[in-house]
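Chemist: Got a structure here, written out as structure tokens. Questions coming.
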Amino acid sequence: MDKIWEEMHAAAEAVLNARQISEFVSAGEVSAAVLSKSGRIYTGVCIDTCSTLGICAERNAIFNMITNGEYEIARVLCIAPIEGKGAPCGACRELMVQLMPTSYKDIEIMLDYRTGKTITLGEITPEWWIDYD
Ligand SMILES: [Zn+2]
8 MDKIWEEMHA
18 AAEAVLNARQ
28 ISEFVSAGEV
38 SAAVLSKSGR
48 IYTGVCIDTC
58 STLGICAERN
68 AIFNMITNGE
78 YEIARVLCIA
88 PIEGKGAPCG
98 ACRELMVQLM
108 PTSYKDIEIM
118 LDYRTGKTIT
128 LGEITPEWWI
138 DYD
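If you want it as structure tokens, here you go:
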């Protein structure tokens with residue numbers, strides 16, 4: 008595994024902190040790190056709320072990247088409660104496809120940090136409704 012994945016894992020681990028914020032809001036059970044094309048790492052945690060107001064860690068990290076003026080993702084890593092299950096959900100995949108409609112298939116995703124198994128978004132998101140091929 009290369010050093011960048013290790014740096015991304017360390018960044019995600021640094022913000023991983025499950026906590027109950029109010030009676031209705033909890034956060035931090037899952038954390039994610041996104042590597043932008045420029046090489047910066049952005050992190051985010053999941054936020055769980057009533058009435059579906061929450062957000063996945065991956066999308067939170069992507070929004071953090073966008074907030075900081077970057078729009079291209081190179082890699083995504085998340086630390087989930089179930090080890091080895093690092094694939095992003097459908098909503099996170101949808102955001103990545105819409106953000107990078109001509110190049111989303113190249114985004115690398117860490118599936119299992121223990122084994123170093125990675126996959127591309129194109130491999131787990133074939134035949135999307137947005138497809139310029
Ligand atoms: Zn998600």
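Just so we're aligned: 58 in the working numbering is position 51 of the sequence shown, and the numbers increase by one with no gaps anywhere. Cβ atoms here follow ideal geometry from the backbone N, Cα and C, with glycine treated the same way.
Under the three-state reduction of DSSP, which class applies to G123: helix, strand or coil?
Modeler: Coil at G123, not helix or strand.
Chemist: What does the alpha-carbon distance come out to for the pair I89 and V104?
Modeler: 25 Å
Chemist: Does any heavy atom of ligand 1 sit closer than 7 Å to the C-beta of P88?
Modeler: Of the heavy atoms belonging to ligand 1, none sits nearer than 7 Å to the Cβ of P88.
Chemist: Closer than 7 Å from C-beta to any heavy atom of ligand 1: which residues, in chain order?
Modeler: C63, E65, R66, P95, C96, A98 and C99
Chemist: Below 8 Å between beta carbons: does that hold for A87 and V37?
Modeler: yes
Chemist: List in chain order: all unbroken alpha helix (DSSP H) runs of 4+ residues lying wholly within the region 92 to 122.
Modeler: 97 to 106
Chemist: Does V22 have its Cβ less than 8 Å from a Cβ in chain B?
Modeler: No chain B is part of this structure, which consists of one protein chain only.
Chemist: Kindly indicate the opening and closing residues of the beta strand (DSSP E) around G35.
Modeler: S33 to S43
Chemist: Would you mind giving the Cβ-Cβ distance between E115 and T125, rounded to the nearest angstrom? I have them listed as a contact below 8 Å.
Modeler: With a contact defined as Cβ atoms closer than 8 Å, E115 and T125 qualify at about 5 Å.
Chemist: For N75, I'd like the list of residues in its chain whose CB is within less than 8 Å of its CB, leaving aside the five on either flank, ordered along the chain.
Modeler: Excluding sequence neighbours, N75 sits near R47 and Y49.
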